[in-house]
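*Asks:* My questions all concern the structure below.
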Amino acid sequence: MSNDPSVPPTSPDSEWKISTRAVSHGRPAPDPGAPVNESITLSSTFHAGGPLDYGRVGTPTWTALESTLADLESTQSALCFPSGVAAISAVLDLVPVGGVVVAPAHPYSGTRGLLNERQSAGRFTVREYQPSPTADISAELQGADLLWIETPSNPLLEISDIAGLSQQAHAAGALVAIDATFITPYIAQPINFGVDLVVHSVTKFLAGHSDVIMGSVATNSDELATRLHTIRTLGGAIVGPFEAFLALRGIRTLGVRMDRSIANAQTIAERLLTLPVVEKVRYPGLSSHPGHDLAMATTGAGAVVCFEVHSADQAEAIAESTRLWTHATSLGGVESLIERRARWPFEHPDVPSNLIRLSVGIEDVDDLWNDLYQAISAHS
Ligand SMILES: *Cc1c(COP(=O)(O)O)cnc(C)c1O
Numbered sequence: 049m050s051n052d053p054s055v056p057p058t059s060p061d062s063e064w065k066i067s068t069r070a071v072s073h074g075r076p077a078p079d080p081g082a083p084v085n086e087s088i089t090l091s092s093t094f095h096a097g098g099p100l101d102y103g104r105v106g107t108p109t110w111t112a113l114e115s116t117l118a119d120l121e122s123t124q125s126a127l128c129f130p131s132g133v134a135a136i137s138a139v140l141d142l143v144p145v146g147g148v149v150v151a152p153a154h155p156y157s158g159t160r161g162l163l164n165e166r167q168s169a170g171r172f173t174v175r176e177y178q179p180s181p182t183a184d185i186s187a188e189l190q191g192a193d194l195l196w197i198e199t200p201s202n203p204l205l206e207i208s209d210i211a212g213l214s215q216q217a218h219a220a221g222a223l224v225a226i227d228a229t230f231i232t233p234y235i236a237q238p239i240n241f242g243v244d245l246v247v248h249s250v251t252k253f254l255a256g257h258s259d260v261i262m263g264s265v266a267t268n269s270d271e272l273a274t275r276l277h278t279i280r281t282l283g284g285a286i287v288g289p290f291e292a293f294l295a296l297r298g299i300r301t302l303g304v305r306m307d308r309s310i311a312n313a314q315t316i317a318e319r320l321l322t323l324p325v326v327e328k329v330r331y332p333g334l335s336s337h338p339g340h341d342l343a344m345a346t347t348g349a350g351a352v353v354c355f356e357v358h359s360a361d362q363a364e365a366i367a368e369s370t371r372l373w374t375h376a377t378s379l380g381g382v383e384s385l386i387e388r389r390a391r392w393p394f395e396h397p398d399v400p401s402n403l404i405r406l407s408v409g410i411e412d413v414d415d416l417w418n419d420l421y422q423a424i425s426a427h428s
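Residue numbers (the numbering used here): 49 to 428.
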């Protein structure tokens, strides 16, 4: 194929970049007079004899979203779930009774909650590993059924080697699932690093506007896709058509939002480094971050920045003193959010009490910096 950008490739669809596919996929056929967007289908049942039968099993608004998610992740299929944790829960349902799950020591707090809850119920055993760019977890993986990866991790922003860990897991006969919420398919497709199941909190960067709660699982395995579909259909926790519409609408702008948020995050992280009151900045885009090289070569740095000040009280006061940054939990929306993570009693004790997590949005970066700077200065 020609490298000259003025010479179009012969089969345009497969050559399109992710930001283009996010815009173009999951639309109705271009028949004259047809709508350009998939409609919100409000019907619990469908006329007999066709491809659709009952709304808990499938509905056209999901199909548009799921085919787009699968396309963006370069997988054969993707399924939407009513939240990120519902997607995680469905993946954990794939583990046989009495099986072994190998999971990072500090995953997203909801993931840790689910793992602990199921372990104490006797459903499976959890073995923890310490994530690092060079982690060798072959000992933990002996006899394991599922490896869980989260990179960059929430909120400590630890970086794992997706390809290396996947290889170790497959050598031990374990499936590999990744929580790719912080990465998004615009930056990288974990399936290409060898994972079996790609999980998202669609709530965050994919939907991108803090107006919908949703999760997804993407996979190249027909067998796993069928099992997950059965788990969803029988478990009965499904996505409403309106939420599916909102998520797909959000995905249309994934590329421009990620470009802007990540660029803003890099600038904010670099400026935070210059403030004496800031004891530590955690951001994979900084060369001081232990996972910097690996992150830049694989998942990118993301749009979440954490920093530590002298005390928990100071951190709390800063989070209360911003005007533009919204003091709220969550991340991945167009609007920037700030919170002290350890305000939550369920957060891992390894998360420092003075750590502030920023979800950097798409506002003007100087407006963001000026507001953060005044809040920090007011409490220095
Ligand atoms: C928010 C989050 C989840 C959970 O998603 P919900 O949509 O809130 O259920 C899972 N993983 C990560 C990394 C998250 O940030």
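Note that CB positions come from ideal geometry on N, CA and C, so glycine has one too.
For residue 103, which three-state DSSP category applies?
*Replies:* Here residue 103 is taken as the residue at index 55 of the sequence shown, counted from 1. Residue 103 falls in the coil class under three-state DSSP.
*Asks:* Where DSSP assigns a beta bridge to residue 175, which residues make up the other side?
*Replies:* Numbered from its first residue, the sequence shown carries residue 175 at position 127. Per DSSP, 150.
*Asks:* Beta-carbon separation of residue 245 and residue 223 under 8 Å?
*Replies:* Position 197 of the sequence shown, counted from the first residue, corresponds to residue 245. Position 175 of the sequence shown, counted from the first residue, corresponds to residue 223. Yes.
*Asks:* Roughly how many angstroms lie between the CA atoms of residue 129 and residue 286, to the nearest whole one?
*Replies:* Stepping through the sequence shown from its first residue, residue 129 is reached at position 81. Stepping through the sequence shown from its first residue, residue 286 is reached at position 238. Their Cα atoms are separated by approximately 6 Å.
*Asks:* Do residue 198 and ligand 1 come close, with the Cβ less than 7 Å from some heavy atom?
*Replies:* On the sequence shown, position 150 is the one that residue 198 refers to. Flag set: Cβ of residue 198 near ligand 1.
*Asks:* Using DSSP's beta-bridge definition, name the partner residues of residue 159.
*Replies:* The residue given as residue 159 occupies position 111 in the sequence shown. Paired residues: none, contrary to the question.
*Asks:* Whole angstroms are fine: how far does the CA of residue 289 sit from the CA of residue 111?
*Replies:* Counted from its first residue, the sequence shown places residue 111 at position 63. Counted from its first residue, the sequence shown places residue 289 at position 241. Spanning the two alpha carbons is a distance of roughly 10 Å.
*Asks:* Please list the terminal residues of the continuous alpha helix (DSSP H) segment that includes residue 214.
*Replies:* Here residue 214 refers to the residue found at position 166 when the sequence shown is read from its first residue. From DSSP, the alpha helix (DSSP H) with residue 214 extends over 210 to 219.
*Asks:* When the Cα atoms are used, what is the spatial distance from residue 144 to residue 193?
*Replies:* In the sequence shown, counting from the first residue as 1, residue 144 sits at position 96. In the sequence shown, counting from the first residue as 1, residue 193 sits at position 145. Taking the straight line joining both Cα atoms gives about 8 Å.
*Asks:* How would you call residue 164, buried or exposed, if buried means at least 16 neighbouring beta carbons within 10 angstroms?
*Replies:* Position 116 of the sequence shown, counted from the first residue, corresponds to residue 164. Result: exposed.
*Asks:* Do residue 207 and ligand 1 come close, with the Cβ less than 7 Å from some heavy atom?
*Replies:* As a first step, residue 207 is located in the sequence shown; it is residue number 159 there, counting from the start. Because no heavy atom of ligand 1 lies under 7 Å away, the Cβ of residue 207 does not count as near it: no.
*Asks:* I'd like the list of long-range same chain contacts for residue 93, defined as Cβ closer than 6 Å, with 5 residues on each side in sequence excluded.
*Replies:* Position 45 of the sequence shown, counted from the start, is the residue given in the question as residue 93. Excluding positions up to five away in sequence, the list reads 102.
*Asks:* Count the C-beta pairs between the segment 78 to 94 and the segment 201 to 210 that are closer than 8 Å, then say yes if the count reaches three, no if not.
*Replies:* They do not touch, by the three-pair rule.
*Asks:* Would you verify that the beta carbon of residue 68 is, or is not, closer than 8 Å to some beta carbon of chain B?
*Replies:* Absent from the structure is chain B; it holds one protein chain and no more.
*Asks:* Alpha helix (DSSP H) containing residue 340: first to last residue?
*Replies:* Your numbering for residue 340 matches position 292 in the sequence shown. Where residue 340 is concerned, the enclosing alpha helix (DSSP H) stretches over 340 to 345.
*Asks:* Please name the residue, chosen from 331, 250 and 405, that lies closest to residue 294 on a Cα-to-Cα basis.
*Replies:* Taking the sequence shown and counting its residues from 1, the one referred to as residue 294 is at position 246. Of the listed residues, the one whose Cα sits closest to residue 294 is 250.
*Asks:* Name the two residues that bound the continuous alpha helix (DSSP H) containing residue 300.
*Replies:* The residue labelled residue 300 in the question sits at position 252 within the sequence shown. From DSSP, residue 300 is part of no alpha helix (DSSP H); its letter is neither H nor E.
*Asks:* Beta strand (DSSP E) containing residue 248: first to last residue?
*Replies:* Numbered from its first residue, the sequence shown carries residue 248 at position 200. From DSSP, the beta strand (DSSP E) with residue 248 extends over 245 to 249.
*Asks:* The beta strand (DSSP E) that contains residue 283, what's its start and end?
*Replies:* Numbered from its first residue, the sequence shown carries residue 283 at position 235. Here residue 283 belongs to no beta strand (DSSP E); instead the alpha helix (DSSP H) covers 270 to 283.
*Asks:* So, helix, strand or coil for residue 75, using DSSP?
*Replies:* If you number the sequence shown from 1, residue 75 lands on position 27. Looking at residue 75 - three-state DSSP - the assignment turns out to be coil, as it is neither helix nor strand.
*Asks:* Under 8 Å between the Cβ atoms of residue 358 and residue 402?
*Replies:* Locating residue 358 in the sequence shown gives position 310, where the first residue counts as 1. Locating residue 402 in the sequence shown gives position 354, where the first residue counts as 1. It is a contact, given that the beta carbons lie within the stated cut-off.
*Asks:* Is it buried or exposed for residue 256, if we count other Cβ within 10 angstroms and need 16 for buried?
*Replies:* Residue numbering aside, residue 256 sits at position 208 when the sequence shown is read from its first letter. Counting Cβ neighbours within 10 Å, residue 256 comes out buried, since at least 16 surround it.
*Asks:* How far does the beta strand (DSSP E) with residue 387 in it extend, from its first residue to its last?
*Replies:* Sequence index remark: in the sequence shown, residue 387 carries index 339 (1-based). Taken as a continuous stretch (DSSP letters only), the beta strand (DSSP E) holding residue 387 covers 385 to 388.
*Asks:* Can you tell me which of 170, 197, 253 and 148 puts its alpha carbon nearest to the alpha carbon of residue 469?
*Replies:* Nothing can be reported for residue 469, as the shown portion of the chain is limited to 49 through 428.
*Asks:* So, residue 66 versus residue 181, is the Cβ gap smaller than 8 Å?
*Replies:* Position 18 of the sequence shown holds residue 66. Position 133 of the sequence shown holds residue 181. No, the Cβ-Cβ distance between residue 66 and residue 181 is not below 8 Å.
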